[in-house]
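Residue numbers (this note's numbering): 128 to 346.
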């Protein structure tokens, strides 16, 4: 989305929008592509079939280079979902249906999940807050995170912010993120591109992972 020349000049003057480095050890972070978000049959969801397909392509392109894949899911205990211990649920009432063991918190079955892939269960928007994700990425030796998933304006944006604050370069393949509405989706991508990471095409992301495969084969 084009916000106009005045906005572009304002952000350029402020020094935003510089490209981030592409590290040699990336990870693919798939944020909350559970059925409750990817299927419009659920109140909290939307039809994110195209996003799921693009994420599958990205994951498959990283397999030859052994790029780690980490999935996340929001899941609450019955007590958390029904009570007031999770303050976020007082604002986002629709999230109370994301109860442990329910079909809404199951990963979308179209995703190419493998036994070696990791799973992080979270209670808030960011995949980093209150979880072991930063430690997992550090333990894997990762320096870059390709952030995918849903929703762009919620958990994806929050995870991108916390990823860069945790010391990781952030890349967001545009085709690999989705939201319930276009306006918040585009505004959040603009914000991420300006301040937190690079919003890139799926082809650029696949080519980046492909260079790692080539380097590994020629090592």
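For glycine and all other residues, C-beta sits at the position ideal for the given N, C-alpha and C. Everything numeric in this text was worked out from a predicted model, so none of it was measured.
Under the DSSP assignment, residue 187 falls in the alpha helix (DSSP H) whose first and last residues are 176 to 189. A Cβ-Cβ contact shorter than 9 Å links residue 150 with residue 271. Nearest to residue 144 by alpha-carbon distance, out of 242, 222, 308 and 327, is 327. In this structure, DSSP gives residue 276 an extended state, which the three-state scheme calls strand. The region 228 to 241 makes contact with the region 193 to 200: 3 or more CB pairs, one atom from each, lie closer than 8 Å. Judged by DSSP secondary structure, residue 153 falls within the beta strand (DSSP E) whose first and last residues are 153 to 158. The region 317 to 332 and the region 171 to 180 do not touch, with fewer than 3 CB-CB distances between them shorter than 8 Å. If only complete runs of 3 or more residues are kept, the region 304 to 333 shows the beta strand (DSSP E) at 325 to 327, in order along the chain. Rounded to whole angstroms, residue 231 and residue 133 show a C-alpha spacing of 43 Å. For residue 296, the enclosing beta strand (DSSP E) begins and ends at 296 to 300.
Counting C-beta atoms within 10 angstroms of its own C-beta, residue 284 has 16 or more neighbours from the protein chains shown and is therefore classed as buried. Leaving aside the five residues that flank residue 148 on each side, the residues in its chain whose CB is nearer than 6 Å to its CB run, in chain order, 296. Taking 9 Å as the cut-off, the Cβ atoms of residue 191 and residue 269 do not count as close. In its chain, beyond the 5 residues on either side, no residue has a beta carbon closer than 6 Å to the beta carbon of residue 342.
Residue 156 is not a Cβ neighbour of residue 302, given a cutoff of 9 Å.
In the DSSP assignment, residue 164 falls within the unbroken alpha helix (DSSP H) covering 162 to 165. Collapsing the DSSP output to three states places residue 260 in a helix. Taking 9 Å as the cut-off, the beta carbon of residue 273 is found closer than this to the beta carbon of residue 298. Each residue's CA atom was taken as its position, placing residue 252 and residue 185 some 23 Å apart. Of the candidates 331, 130 and 244, the residue whose Cα lies closest to the Cα of residue 263 is 244. Rounded to the nearest whole angstrom, the C-alpha separation of residue 221 and residue 213 is 13 Å.
For residue 216, the enclosing alpha helix (DSSP H) begins and ends at 215 to 218. Between residue 305 and residue 265, the C-beta spacing is not below 9 Å.
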